[in-house]
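Here is the structure we will look at.
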Amino acid sequence: MRAIHPPVMRPIRFMVVLVLGLALLTFVAALVVQQTTRTWFENDVKLRAELAVHGARPALVRHWDPGHAQPLGRLLEEITRDERILAAAACNADGVVLATTPEYPGEFSCAEIVDHVESAEATSATTWTTVRSIPSGEVHLSAVPVYVEGQPIGFAVLVHDLGFVARRDAKTRTFLFAAFGFLALAASLVTIVAARTSWRGWSAELRRFLRGGGHRPEFQPILRDVRELVDRLVAESEADREGGAWTAERLKQTLRRHLHGEQVVVVSNREPYLHERTPEGGITVVHPASGLVTALEPIMRACSGVWVAHGSGSADRQTADAHGRVRVPPGEESYAIQRVWLGAEEEQGYYFGLSNEGLWPLCHIADVRPVFRGEDWARYRAVNERFADAVCDAVDGDDPIVLVQDYHLALVPRLIRERLPRATIIMFWHIPWPNSERFGICPWREELLDGMLGASILGFHTRFHCHNFVDSVDRFLETRIDREQSAVVRQGRATLVRPYPISIEWPSRWTAAVPDADECRASVRHELGLPADALVGVGVDRLDYTKGVEERLRAVERLLERQPELRGRFTFVQLAAPSRTAIEKYRELNETVERLTDRINARFGRPGHVPIVLLRAHHEPASVVRYYRAADVCYVSSLHDGMNLVAKEFVAAREDERGVLVLSQFTGAARELTEALIVNPYDLEQASAALAVALRMSVDEQRDRMRAMRALVAEFNVYRWAGRMLVDAARLRSRDRLTDRLTEPVIAIAERARTGTTSR
Ligand code: F6P
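Heads up, the sequence shown is in the numbering used here, so the first residue is 404 and it goes up one at a time.
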């Protein structure tokens, strides 16, 4: 047998210690992860129970009597339709059972639970919870008190299945142990290789070479290769290390590395900076209330280039040069806005007419009928031509990167493609895409689809909208659908159709410019004439019927009906930016919101206090952040929304990890911000119950939820959104260029054969 050489012994000992250390670490990590996720799931189950009971409360209260066991039992069965609720019981305040569902386990008697509920109430923890085992596995019990006019009349017990937690625990454990196995194996291999290398004295030799010691000419080429390799590895590992966070800098580098720093041209209807005349005769800069602008502006700051947009400010002509150009951001100029001037009739037909009376309601499910007029369509086409011309004038070469934004400019991709066949065109659709049946009612559906398919990449917020788009194309256009690649091929050219959920700048420059949460809380309450401990809710929107402002105010009204103790204590502040007021539906909405506010204030107001404060004006971003920071709850109640960046802005503003987000399930954001209280804004019982839960939520739970949402928005920020689209565009670009290089000679040979010339 060969003796083990002494120098190898040390690494082996090291390896054993390393593997044991890793094992210990994995074990501890498994315990911590399991404990944390468990607490999290249990909290979630508790909240679901509270929402279910609050939602059904009016009906429960009606039958809260031993003589109503049957209807009460039916109500409980209704609640247990939720797949994770196994059984339910209703108990009166003395611990007497009023009704149960058939599966309710006998061992959880009302008489036993009543003591716990009473002591929970004494400590103002309203819901008592526990975890128990029954033969089918672990279950979670929540006893939620039921109140009538502030007095408890008993409690509802909901039994949740915790089997899913055990399943998720098992998956987490498997993952951690697999990771341990992998790390242990990698550590062992590295140790063995290092031991062997050092034993043979190779590392010293290699180091000498890398330091430039390899003077022998025969080693020079190898040395050069090794140096190049090392440089590349260092560069790649730096890029990987950056990997966690997408920043403006990383986006710039991506543009440089993948697209060789080529100029980016953005084209949208709305411009990022409007110059407006003030009543005093001066000029002020306005940041418009627009999700599109919120997202794209930081991208342009990072990438520079040109942003082509409608010059709609009253002092826009005055501040632009003779070609309609102005450098922005004011004071930190890094890119240019190329303004497109539109006449009143053009704006009426293209913007108010086809875009906002036709396409906007077509794409949103908000019970407003689209209006399609032939003259609007003619203007829309003409204005799209004007935007495409402006883009072609703004670009440098014949293969620019153009980012076309939104439904105002659906024809622009095709128009640019016709003029610049080699351009990389990314079109992003900021609003939902309807199902093909609904889209089919548009008289110009084929033209719109064909216009969009001029793009190289077509982006939507969600996969669902991508599917709707591809289905519409499949139904109305002659194309080939490549479902595997998620692409549509038309006239030999492919358009990738991909989801790119949009986001916001992180960290946001507005949050840095505003005082901290304590100061905002105090100053906003002071301004509104509220005491320091007043509860404040906030809503922030353009006044648009898709935003569910009416439903939101009605939910606040219902909350005050159900929770009399909140009257005089709770104020809801609605920041409402007037929008598209030349359109009748928007004017009607304005009036409805005003009437509703007056009615609620008349019902629940008191001397010196109104429950709803309606601030109907444009608010600059810094002012919006102040309200976000001052609020205990932010309610985003959109009836249909591609993403909704207000939800993400609220999360970004809450550096103090406080405040609760109540979020409509009909927003794209609800798919990402799952720690918000997700509600159906049409269901006033549920929405008002969620507001009540939000206002009572413990500081710890607020922190846990906010922390998770902040981590998500930080990671999936707008730089990542743009970076992913640009990397995909770069891949397409290289592929197209390679195809061009390969096909050019073939075309040349064919041409020569056709004309009868020969090559020399
Ligand atoms: O995000 C959707 C969107 O329609 C943007 O295109 C637009 O800038 C924004 O909402 C605000 O609307 P408007 O530009 O009509 O004021």
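Virtual Cβ for every residue (Gly too), placed ideally from N, Cα, C.
Mind checking who residue i pairs with in its DSSP beta bridge?
{"i": "T974", "result": "V939"}
{"i": "T503", "result": "A492"}
{"i": "A979", "result": "D944 and R1019"}
{"i": "I844", "result": "I844 pairs with nothing; no bridge assigned."}
{"i": "V546", "result": "Contrary to the premise, residue 546 reads as Ala rather than Val in this sequence. In the DSSP output, where bridge partners are listed per residue, A546 has W531 and V560."}
{"i": "C485", "result": "For clarity, residue 485 is Asp in the given sequence; the question names Cys instead. Looking at the DSSP assignment, D485 forms no beta bridge with any residue, so it has no partner."}
{"i": "C1037", "result": "V941 and L1064"}
{"i": "D885", "result": "A890"}
Quick one: is residue i buried, meaning 16 or more other Cβ sit within 10 Å of its Cβ, or exposed?
{"i": "T687", "result": "exposed"}
{"i": "E1051", "result": "Here residue 1051 turns out to be Lys, not Glu, going by the sequence shown. Buried, by the Cβ-count rule."}
{"i": "D518", "result": "exposed"}
{"i": "E608", "result": "Residue confidence for E608 is low, a pLDDT of 49 falling below 50, so the modelled location carries little weight; the figure read from the coordinates is stated next. Burial call: exposed."}
{"i": "A581", "result": "exposed"}
{"i": "V419", "result": "exposed"}
{"i": "G470", "result": "exposed"}
{"i": "L423", "result": "exposed"}
{"i": "D1103", "result": "exposed"}
{"i": "D497", "result": "exposed"}
{"i": "R416", "result": "exposed"}
{"i": "I482", "result": "buried"}
{"i": "I537", "result": "exposed"}
{"i": "H713", "result": "buried"}
{"i": "D921", "result": "exposed"}
{"i": "G777", "result": "exposed"}
{"i": "W605", "result": "Here the model assigns W605 a pLDDT of 43, short of 50, so the residue's position is not dependable, and the following value carries that caveat. Exposed is the call here."}
Could you round the C-beta distance between residue i and residue j to whole angstroms and report it? I think they count as a contact, below 8 Å.
{"i": "R1057", "j": "M1109", "result": "6 Å"}
{"i": "V520", "j": "W531", "result": "5 Å"}
{"i": "W744", "j": "G727", "result": "7 Å"}
{"i": "D801", "j": "L823", "result": "6 Å"}
{"i": "H833", "j": "G1045", "result": "6 Å"}
{"i": "S671", "j": "D809", "result": "6 Å"}
{"i": "P1084", "j": "S1040", "result": "4 Å"}
{"i": "L565", "j": "G540", "result": "7 Å"}
{"i": "A979", "j": "R1019", "result": "5 Å"}
{"i": "V551", "j": "A559", "result": "Not really, about 13 Å apart at Cβ, beyond 8 Å."}
{"i": "V917", "j": "A1034", "result": "The pair is not a contact, with the Cβ atoms about 13 Å apart (cut-off 8 Å)."}
One question on the structure: do residue i and residue j come within less than 8 Å of each other, judged by their Cβ atoms?
{"i": "C766", "j": "P835", "result": "yes"}
{"i": "T657", "j": "Q437", "result": "no"}
{"i": "A492", "j": "V500", "result": "yes"}
{"i": "I679", "j": "G734", "result": "A small fix is needed here, since residue 679 is Glu in this sequence, not Ile. Contact: no."}
{"i": "V1092", "j": "Y948", "result": "Per the sequence presented here, residue 1092 reads as Ala, with Val not at that position. For A1092 and Y948, no; Cβs fall outside 8 Å."}
{"i": "A1095", "j": "Q966", "result": "yes"}
{"i": "R1099", "j": "E1060", "result": "no"}
{"i": "G862", "j": "P816", "result": "no"}
{"i": "P375", "j": "E908", "result": "As displayed, the chain neither begins before 404 nor continues past 1163, which places residue 375 out of reach and without an answer."}
{"i": "A781", "j": "L818", "result": "no"}
{"i": "M703", "j": "Y738", "result": "yes"}
{"i": "R972", "j": "A937", "result": "yes"}
{"i": "V996", "j": "V1036", "result": "no"}
{"i": "E1088", "j": "G553", "result": "no"}
{"i": "L588", "j": "L425", "result": "no"}
{"i": "Y903", "j": "R720", "result": "no"}
{"i": "W913", "j": "A813", "result": "no"}
{"i": "L1066", "j": "A1055", "result": "no"}
{"i": "L1076", "j": "L1115", "result": "yes"}
{"i": "L1048", "j": "F1007", "result": "no"}
{"i": "F755", "j": "R983", "result": "yes"}
{"i": "A502", "j": "G476", "result": "yes"}
{"i": "A462", "j": "L478", "result": "yes"}
{"i": "V731", "j": "C706", "result": "no"}
{"i": "L654", "j": "Y1122", "result": "yes"}
{"i": "V1016", "j": "L1135", "result": "no"}
{"i": "P773", "j": "E760", "result": "yes"}
{"i": "A692", "j": "R945", "result": "yes"}
{"i": "V1165", "j": "P1014", "result": "Any question about residue 1165 goes unanswered here, given that the chain covers just 404 to 1163."}
{"i": "V568", "j": "R659", "result": "no"}
{"i": "I1164", "j": "A1132", "result": "With the chain covering 404 to 1163 only, the question about residue 1164 has no answer from this structure."}
Mind checking if residue i is an interface residue toward chain B, Cβ cutoff 8 Å exclusive?
{"i": "A935", "result": "Protein chains in the displayed structure number just one, and chain B is not present."}
Can you pull every residue whose C-beta falls closer than 5 Å to some heavy atom of the ligand F6P, listed in chain order?
Matched residues: R673, S693, G694, L695, D809 and H833.
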